[in-house]
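Scroll down for the structure; my scribbles are underneath it.
In this note's numbering, the protein residues as written are 1 to 269.
Laid out in structure tokens, this is it:
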């Protein structure tokens, strides 16, 4: 069960980056805004960076009424590689997840085994690693081609504190997205990805927004994953030591002497 927790968290906390640009928060909302204006404001305030690392993280995972906590670290290089290292005992790396552009490799260092999961899907041209990165990095994301989004198909509701944007993927109608956007800062406070009428879904709430090295980034990410069998997994991640300026040195594990296994075998105790 513990390895399952490690892997699920690995899927959730992979961070990625794009080229840096300045953010510009708005002090107040003035007048009625169109969908396009709200989207442009969100894009202008998305975190953008070349590389980042969280030298210390804390993860709390709840599954089937069991709660597990462990620590670790994250390192990421723009459009190249992101690594989550799980270090629950005395800083010794027991498990790691390496997210590339098109695959996720899970490495069980204690038992010298690994599994590789492809992140490319038939008929979808976008790099799926980037989709996962964008979701975790407090940015807008879609599985299909972002350029095909028809603004007329996006439903927008306005509350006292938020804009709520919802739409179906223009290429894959079974996928639906819901974004909750702060009406003052135009930063995403919640994102939800739903498959086929709530058959499965993933929701992330972003909290504790603070500037680090000139970039405003959430220091708490609260995930909820609902699976087709009705079970739910909750995962709360706290970034305790975050930096966007320090040079990141990460390399994939040399798995030449490791045994390659299928994912179900990697999950076995």
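Ideal placement from N, C-alpha and C gives every residue a C-beta, glycine not left out. All values derive from a computational prediction rather than experimental measurement.
Check your understanding: Between residue 253 and residue 99, what straight-line distance do the alpha-carbon atoms span, to the nearest angstrom?
Key -> The count along the chain shown starts at 1 and reaches residue 253 at position 253. The count along the chain shown starts at 1 and reaches residue 99 at position 99. Roughly 12 angstroms separates the two Cα atoms.
Exercise for review: Leaving aside the five residues before and after residue 200 along the sequence, list all residues of the same chain whose C-beta is less than 7 angstroms from its C-beta, in chain order.
Suggested key: Reading the chain shown from its first residue, position 200 is the one you call residue 200. Contacts found: 226, 227, 228.
Review point. Going by alpha carbons, who is nearest to residue 234 out of 224, 243, 240?
Key: Within the chain shown, the letter at position 234 stands for residue 234. Selected option, being the one with the closest Cα: 224.
Check your understanding: Between which two residues does the alpha helix (DSSP H) harbouring residue 39 extend?
Key -> If you number the chain shown from 1, residue 39 lands on position 39. Counting along the chain, the alpha helix (DSSP H) containing residue 39 begins and ends at 35-44.
Check your understanding: Between residue 148 and residue 170, which are expected to be in contact by the criterion C-beta below 8 angstroms, what is the C-beta distance as a whole number of angstroms?
Key -> Indexing the chain shown from 1 puts residue 148 at position 148. Indexing the chain shown from 1 puts residue 170 at position 170. The C-beta distance from residue 148 to residue 170 rounds to 5 angstroms, short enough to meet the 8 angstroms contact threshold.
**Study point:** Nearest candidate by alpha-carbon position, reference residue 247, set 40, 78, 37
**Key:** As a position in the chain shown, residue 247 is number 247, starting the count at 1. Ranking 40, 78, 37 by Cα distance to residue 247 puts 78 first.
Review point. Between which two residues does the beta strand (DSSP E) containing residue 190 stretch?
Key: Sequence index remark: in the chain shown, residue 190 carries index 190 (1-based). Where residue 190 is concerned, the enclosing beta strand (DSSP E) stretches over 188-195.
**Study point:** Distance, residue 90 Cα to residue 266 Cα
**Key:** Looking up residue 266 in the chain shown gives position 266. Looking up residue 90 in the chain shown gives position 90. It is roughly 23 angstroms from the alpha-carbon of residue 266 to the alpha-carbon of residue 90.
Check your understanding: Just checking my contact of residue 195 with residue 175 at CB under 8 angstroms: how many whole Å lie between their CB atoms?
Key -> Taking the chain shown and counting its residues from 1, one reaches residue 195 at position 195. Taking the chain shown and counting its residues from 1, one reaches residue 175 at position 175. The beta-carbon distance between residue 195 and residue 175, rounded to whole angstroms, is 6 angstroms. This is short enough to meet the 8 angstroms contact definition.
Review point. Taking just the CA atoms, how far does residue 217 sit from residue 210?
Key: Numbered from 1 along the chain shown, position 210 holds the residue referred to as residue 210. Numbered from 1 along the chain shown, position 217 holds the residue referred to as residue 217. Whole-angstrom Cα-Cα distance: 6 angstroms.
Check your understanding: Going by DSSP, what residues sit across from residue 217 in a beta bridge?
Key -> Within the chain shown, numbered from 1, the residue matching residue 217 stands at position 217. According to DSSP, which records beta bridges pairwise, residue 217 is partnered with 210.
Practice item. Could you check the C-alpha separation between residue 261 and residue 142 for me, to the nearest Å? Key: Numbered from its first residue, the chain shown carries residue 261 at position 261. Numbered from its first residue, the chain shown carries residue 142 at position 142. Near 31 angstroms, if we compare the C-alpha coordinates of residue 142 and residue 261.
Exercise for review: Look at the Cβ atom of residue 178, then the Cβ atom of residue 162, and state whether they are nearer than 8 angstroms.
Suggested key: Within the chain shown, the letter at position 178 stands for residue 178. Within the chain shown, the letter at position 162 stands for residue 162. Against a cut-off of 8 angstroms, the Cβ pair of residue 162 and residue 178 comes out as no contact.
**Study point:** Where the beta strand (DSSP E) through residue 179 begins and ends
**Key:** Reading the chain shown from its first residue, position 179 is the one you call residue 179. Note, residue 179: beta strand (DSSP E), 175-182.
Exercise for review: Go to residue 98, then tell me how far its beta strand (DSSP E) extends in each direction, as first and last residue.
Suggested key: As a first step, residue 98 must be located in the chain shown, where it is residue number 98. Per DSSP, the unbroken beta strand (DSSP E) holding residue 98 starts and ends at 95-99.
Exercise for review: Have a look at 213, 49, 264 and flag the residue whose alpha-carbon is nearest the alpha-carbon of residue 134.
Suggested key: As a position in the chain shown, residue 134 is number 134, starting the count at 1. Comparing Cα positions, the closest option is 49.
Check your understanding: When we look at the beta-carbon of residue 57 and count the other beta-carbons within 10 Å, is it buried (16 or more) or exposed?
Key -> The residue given as residue 57 occupies position 57 in the chain shown. Taking every protein chain shown into account, the CB of residue 57 has 16 or more other CB atoms within 10 angstroms, so this residue is buried.
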